[in-house]
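K.L.:
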Amino acid sequence: MSIPGTTVVLGYCDLAAAGARLLHHIYVQDAALLESSLTVLGLTVAIRTYAETSVSFVVVCDPVPDALCTAFAAELTDLLVGKRVVLLTAPNVPLPSADERFVFWTQFHATAPLSGLSSALFHPIPLAKWTLKDAFLCACLHFFQVEALPLTVLLVRGYKYTGRVADGSAEAIATLGEALPLVLQALGMSTSFEVDAKSASVMKMLSMHQAAHGGESSVLYN
19 MSIPGTTVVL GYCDLAAAGA RLLHHIYVQD AALLESSLTV LGLTVAIRTY AETSVSFVVV
79 CDPVPDALCT AFAAELTDLL VGKRVVLLTA PNVPLPSADE RFVFWTQFHA TAPLSGLSSA
139 LFHPIPLAKW TLKDAFLCAC LHFFQVEALP LTVLLVRGYK YTGRVADGSA EAIATLGEAL
199 PLVLQALGMS TSFEVDAKSA SVMKMLSMHQ AAHGGESSVL YN
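Here my numbering is used: the sequence shown runs in plain steps of one and ends on residue 240.
(1) Where does VAL99 fall in DSSP's three states?
(2) Taking the continuous alpha helix (DSSP H) assigned at PRO199, which residues delimit it?
(3) Buried or exposed: which applies to HIS43, given that a residue is buried once 16 or more other Cβ atoms fall within 10 Å of its Cβ?
(4) Identify every residue that forms a DSSP beta bridge with SER72.
(5) What are the boundary residues of the beta strand (DSSP E) that includes VAL164?
(6) Which same chain residues end up closer than 8 Å to LEU238 when comparing Cβ atoms and leaving out the 5 residues on each side of it in sequence?
(7) Fully enclosed by the region 44-69, which beta strand (DSSP E) runs are 3 residues long or longer?
(8) With DSSP run on the structure shown, which of helix, strand or coil describes GLY37?
(9) Check each candidate in THR57, ASP84, GLN47 and ALA64 and name the one with the smallest Cα separation from THR71.
(10) Looking at the structure shown, is GLU212 part of a helix, part of a strand, or coil, going by DSSP?
This is how it looks when you write it as structure tokens:
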């Protein structure tokens, strides 16, 4: 099965399960929604595409165990060859509380460089400073760059998703939800996307933290 859109927005079960939940609650008025799913190495990947748009929202619905990260990222990359990718992630990063309101971004092999984003919301990712414990994210970044996929990464500070109202994950979803339509517009998408961050924040979904992975793996972001 192929992914219809030429641009793919990718979310997965990160620490806060933020991107995965958010992408289930993005809408386009008066456009038919085409939904499908596929199984990759035993894990479910949902594909949501609105008719007459060039964007597919792809959600890795299951947490990816550390032991499968490399193989899964390789399989996922094969599905994304020829696509422009926007990757959403909410890992634990070393940020002062005053900076948690920002969306951090970077691009690799960009065909449409981001411009015009407000510094009140967007900051470049400090690639040289951050070390993350997210093996799946780093595996994806490795394979996406090997295949030279045009990639935009949007990152917000994530907290462990517990299913409780005050776990901090709702804030991560709200921040990503505010940023994503602006980024898609900056990348040349003419479609107006609407985000229901409130519904996304109460959606129940496993996160990396809740899944049994075995030991943590520490990997460099860049």
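For each residue, glycine too, the CB sits at the ideal point set by N, CA and C. On a predicted model such as this, the values are computed, not experimentally measured, just so you know.
P.N.:
The answer reads as follows:
(1) Coil.
(2) Note, PRO199: alpha helix (DSSP H), 187-204.
(3) With 16 or more Cβ atoms within 10 Å of its Cβ, HIS43 is classed as buried.
(4) According to DSSP, SER72 bridges with nothing at all.
(5) Looking at the DSSP string, VAL164 is not in any beta strand (DSSP E); the run it does join, the alpha helix (DSSP H), is 153-164.
(6) Caution applies to LEU238, whose pLDDT of 37 falls short of 50 and renders its modelled position unreliable; the value that the coordinates give is listed next. Only THR149, LEU150 and CYS156 meet the Cβ criterion.
(7) Counting whole runs of 3 or more residues, the region 44-69 contains the beta strand (DSSP E) stretches 51-58 and 61-68.
(8) Helix, per DSSP.
(9) Distances from the CA of THR71 to each of THR57, ASP84, GLN47 and ALA64 were compared; the closest alpha carbon is that of GLN47.
(10) Looking at GLU212 - three-state DSSP - the assignment turns out to be strand.
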